[in-house]
Amino acid sequence: MSNFMRTQFPIAIFIICQFYIFFEFFIPIPGGPALTALLGKWVVGVSNFALLLGALNLIRFHGKNIVQQTKNEWYHGAIILASMAAMFLSGWFFKPVYTWLYANIYTGLNTALMCYVGFYFYSAMYKTFKVRNFESFITLFACITMLIANAPISGTVWGLADIGVWIANVPGSGAWRGFLMSAALGMFAVAIRAAMGLERAYTGGSD
Amino acid sequence: MVDTLQTALIMGTLCALAWSIMYKLNIGYRFAEDLTVGVMGGYILYSISDNTVSNFINPLIKGDMLSLAPIIIGVILWGQLLKPSQRWVARAPLAFITGVGSAVALKGAVYGNILTYIQSMATPPGYDPYTLFNFIIAGLATITSVVYFFFTVEHKGALLPVTKLGRFFMMVAFGSVAGSSVLSNITFIFNRTQWFVVTPWAWVPLAIVAMAIVVDLVRTGGRKKS
Amino acid sequence: MSLLEKLDQLDRRIIFLILLLLCFFPVLMPLGLPVPVSPATTSAYNAMVTLKPNDIICMTFDYAGGSAAELYPQNLVILKHALKLNLRAVAVSFTVGGLELADQCLAEAGWGSKTYGVDYVNLGFVAGTETGMAAFVKDIQATISADARGTPLSQIPIMNDAKNINSFKYLAFTTSTSQDMYVRQFSGKGVPIIGCIQSLYFSVLQVYMGSGQIVGFLNGLRGSAEYEVMIKELGIGAISMDQASLTHWFAVLLLIMGNITSYFVRKNPRAKGGK
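Here it is as C-alpha cells:
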C-alpha cells in the first residue's frame, strides 16, 4: 500500500489525466468537454497553491537564517521578510501603500536592477564576443547585421537595415522553425516516457 | 500618501544604489536588491491569496462544493514543505497538474507546432524568383536544423553535411537573436534614464552617488575591485 | 603597454559610463531621428483598423515589473488606438504581476473616460498558465468567477458579449517569456492574434507570422514606436528610438573594436602570455 501510494498512484493519476484530456480532444465523449473544463479549472486553483508554495519557501528559508542568526545573511533575510510583509499586508489593508510599492519598488526599482543585464551585455560584447572560427564569425556577422537593422536610423540608408532583416526573416526564422518542431517532437517523446513511468521528475523527488 | 518630491528622492536614491553595482558590489546595492525581492515575494503572496479567495473560497462559501476539490488538492501539495521522508504526499497533486498541463500543451502542439509548419513549408507564399529563393532557404534551414537534433543516429556519411548545414543555420539564428536581445536588455536603461530626466529632483541622489564614486576612485587610485 | 593592449584590457566601467551618457544624451537633447515602420507592425495596425465600433478586443498582461519597460508601451499604444476606434476591451493576465499593470495601462490610455464593466473590464489573474489559457479559450465564465475588483462576471455587462475566445475580434498577447503556449492555445480559432513581445523573440514571431498563426506583432520598444508613428501619437517608444539608434551603433563599434584589438594583441609576440 505504501509503495502504491508513493509511486504507482501518482503515475496512475498522471496517465489517466493526460490520456483523458488528450484523447477527449480527438474522440467525442458524452460529457467530455464539461469534465475537461472542470479539470482545467481545478488545475488553475491548484496552481495558485503551487505559486504560494514558492513564496512560503522563501519565508521558510530566510526565517531560518534570521532565527539561526546566520553570519552575513540574517539581515538580508530580515529586509526581505519585512518588505514582503509590508507588501502583503498593505495589499489587504492599506491600498495606497500597496499601490506606491507596486509602482515604485516592484516596477521601478526592479527595472533599475535589470539595467545590470544591459550594462554587462555591452561589456561582454567588447570582451567576450571574439571570433575564433568560421561558426563564431557567422554568429557575429548575424549579430552585427541585426544590431544595425534594429537601429532605426539605419533605415534611412538604403539597404543597410535590409540585410539584417533578411537574415532574421529567412535563414534565422527557418532555423527557429526547426527548433520549435524539434521541441514539439521532444515534448511528445517526454510525454510518452512519462506515461510509461520512465520519467518521474514530475513526482517531485525521492523517498 | 507619499508626495511626488519624496517619491522622487526615495526612488532616485534606490535606483542610484541599484546602479552602484556597476562600480563595485556594496551594501547599498544589496539593500536595494533585498527590498525588491521582498516586495516581489509579497506581491505574489497577496495576488495569489486574493485570487484564491475570489475564485474558490467565495464560491465555496456560496455553496459551490466543487470548489473544495482544488483547495484540498492544493493544501496536499504543500506537503513539499514537510520533511523529506514525508514529501511523498505531494506527488499525486503534482502528477495531476503535470498530467493535465502536458495534455493541454500536447493538444496545441500537434497542430500549432508541427502540422502548421509542415503546411507552410509545403506551399510557397509566392512564385516570383525572390520569394521562391527565400522559401527554399527557409525550408532548407528548417529541415537541416530538425535533422541536427536526431541524436539517436550518428552524424556521419551522408548525414554529416546535412547536420553541418543545420549547425550553420542555427549559428545564424543565434547571432540574430543575440543582436535582437540587445534592444531588450537596454530598454531597462532607457526607461530609467528617461525617468531620471523627466522626474523633478530625481537626479539629485544620482549625482550624490556619482560624486561618492568619484571620491572613492580618487581615494583608491582607480584600482578595480570586483 | 601599447595602445592596443590598453584597449584590449579596457576597464568595463568605462564602457558602462559611455553607454550611460549615450542613453542620457538623447533624452536631454532629442534628435528626432526617423523611425521606419516594419511590415509586422503594419499588419498589427491593419488588423485593428478593420474592426467595427463596439467590437471587443482582448489583451493579456503577462509580464512582471522589470519587463514593463519594454512591453508596457506596446499595450499602451494599442489601447490608445482601440479607444480612438471606439472599441471595447477585456484585459486578463495569465501570470502574476500583470493584474495592476492592466489597470494602470487602461487608465493611462484614457479608458477612464469610458464606463468600467460596460466598455472595458479587467478580468484579473488566471492561474495555470497554459491550462488557464485553454480553459479561458473554451469558456471564460467557467474559468473566472469574478473580475479583478471581485465583481461576479454575471454582473458585468460586457461579459454578456464575451463568452469565449470567439467573442473577441482581436487578441493581443503580451509576454516576457515563451510565446509558444499563446500561439498553441489561441491561434487557429478564427481570431486575429497579435504578439507584443520583447525584441529578443523577433525571429520566433517571424515564424508564427510566416505560418499564419499570428497576423502581426510589435517588436519590443521599436514596435511600440512604429505603432505610435502610425496612430500619430508619439510617446515613450518614439523617445527611446533616438537612444536605440545611438546605443546600437555603439554596440556594433564595440563588437568590431573588441575583435580587432584582440586579434592584433594575439598576433603580437610581446603580448602573448603577458596578460
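Chains as they are written, first to last, in my numbering: chain X, 9 to 215; chain V, 9 to 234; chain A, 93 to 367. Don't be surprised by glycine CBs; every beta carbon is placed ideally from N, CA and C. Just so we're clear, the structure is a prediction, and the values are computed from it rather than from any experiment.
Against chain X, a Cβ distance below 9 angstroms from Leu-102 (chain A) picks out Tyr-134 and Lys-135.
Spatial neighbours of Ile-171 (chain X) in its own chain (CB-CB distance under 8 angstroms, excluding positions within 5 residues in sequence) are listed in chain order as Thr-153, Ile-156 and Ala-157. No Cβ of chain V is located within less than 9 angstroms of the beta carbon of Phe-260 (chain A). Note that the region 313-322 of chain A does not touch the region 338-345 of chain A; fewer than 3 beta-carbon pairs, one per stretch, sit closer than 8 angstroms.
Our two residues, Leu-313 (chain A) and Ser-10 (chain X), have alpha carbons roughly 55 angstroms apart in a direct line. Note that the C-beta distance between Phe-153 (chain A) and Leu-193 (chain A) is below 9 angstroms. The C-beta distance from Thr-60 (chain V) to Asn-56 (chain X) rounds to 5 angstroms, short enough to meet the 8 angstroms contact threshold. Residues Thr-152, Asp-154, Val-218, Thr-221, Gly-224 and Met-225 of the same chain have their beta carbon placed closer than 7 angstroms to that of Phe-186 (chain A), with the five preceding and five following residues left out of the count. Ile-56 (chain V) and Leu-345 (chain A) have their C-alpha atoms spaced approximately 46 angstroms apart. Two segments are said to touch when three or more pairs of C-beta atoms, one from each, lie closer than 8 angstroms; by this definition the region 248-268 of chain A does not touch the region 70-80 of chain X. Interface residue (Cβ-Cβ distance to chain A less than 9 angstroms): Ile-23 (chain X) is not classified as such.
In this structure Met-333 (chain A) is buried. Its beta-carbon is surrounded by 16 or more other beta-carbon atoms within 10 angstroms. For Ala-254 (chain A), the secondary structure class from DSSP, reduced to helix, strand or coil, is coil.
Residue contact with chain X for Arg-241 (chain A): absent (no Cβ-Cβ distance below 9 angstroms to any residue of chain X). Between Phe-309 (chain A) and Gly-282 (chain A), the beta carbon gap of about 19 angstroms keeps them out of contact (Cβ cut-off 8 angstroms). The C-beta of Pro-18 (chain X) has 16 or more other C-beta atoms within 10 Å across all chains shown, which makes the residue buried. Annotated as distal: Gly-182 (chain X) and Gly-107 (chain V), with beta-carbon spacing of 9 angstroms or more. Taking the beta carbon of Gln-166 (chain A) as reference, no residue of chain X falls within 9 angstroms; the closest one sits roughly 16 angstroms away. Judged by beta-carbon spacing, Gly-99 (chain X) lies beyond the 9 angstroms limit of Gly-49 (chain V), meaning their Cβ atoms are not closer than that value. Counting only unbroken stretches of 4 or more residues, the alpha helix (DSSP H) elements lying wholly within the region 283-334 of chain A are 294-302 and 312-322, in sequence order.
In the structure shown, the three-state DSSP call for Leu-206 (chain X) is coil. The C-beta of Met-19 (chain V) comes no closer than 9 angstroms to any C-beta of chain A. Nearest neighbour of Asn-118 (chain X) by Cα position, chosen from A:Leu-114, A:Ile-348 and A:Ala-160, turns out to be A:Ala-160. Apart from the 5 residues on each side of it in sequence, Ile-221 (chain V) sits with its Cβ closer than 6 angstroms to the Cβ of Tyr-31 in its chain, given in chain order. Assignment of Asp-195 (chain A) by DSSP, reduced to helix, strand and coil, places it in the helix class. A distance below 6 angstroms between beta-carbons, with the five flanking residues on each side excluded, links Leu-96 (chain A) to the following residues of its chain, in chain order: Thr-353, Phe-356 and Val-357.
About 4 angstroms separates the CB atoms of Ala-111 (chain V) and Phe-30 (chain X); that is less than 8 angstroms, so the two are in contact. Taking a Cβ-Cβ threshold of 7 angstroms, the residues of chain A close to Leu-191 (chain V) are Ser-291, Gly-312, Leu-313, Arg-314 and Ala-336, in chain order. Ala-238 (chain A) sits away from Cys-150 (chain A), with the two beta carbons spaced by 9 angstroms or more.
In the DSSP assignment, the residues bridged to Arg-180 (chain A) are A:Ile-148. Each of A:Ala-201, A:Ile-348, A:Pro-244 and A:Gly-157 was checked against the Cα of Val-188 (chain A), and the nearest Cα belongs to A:Gly-157.
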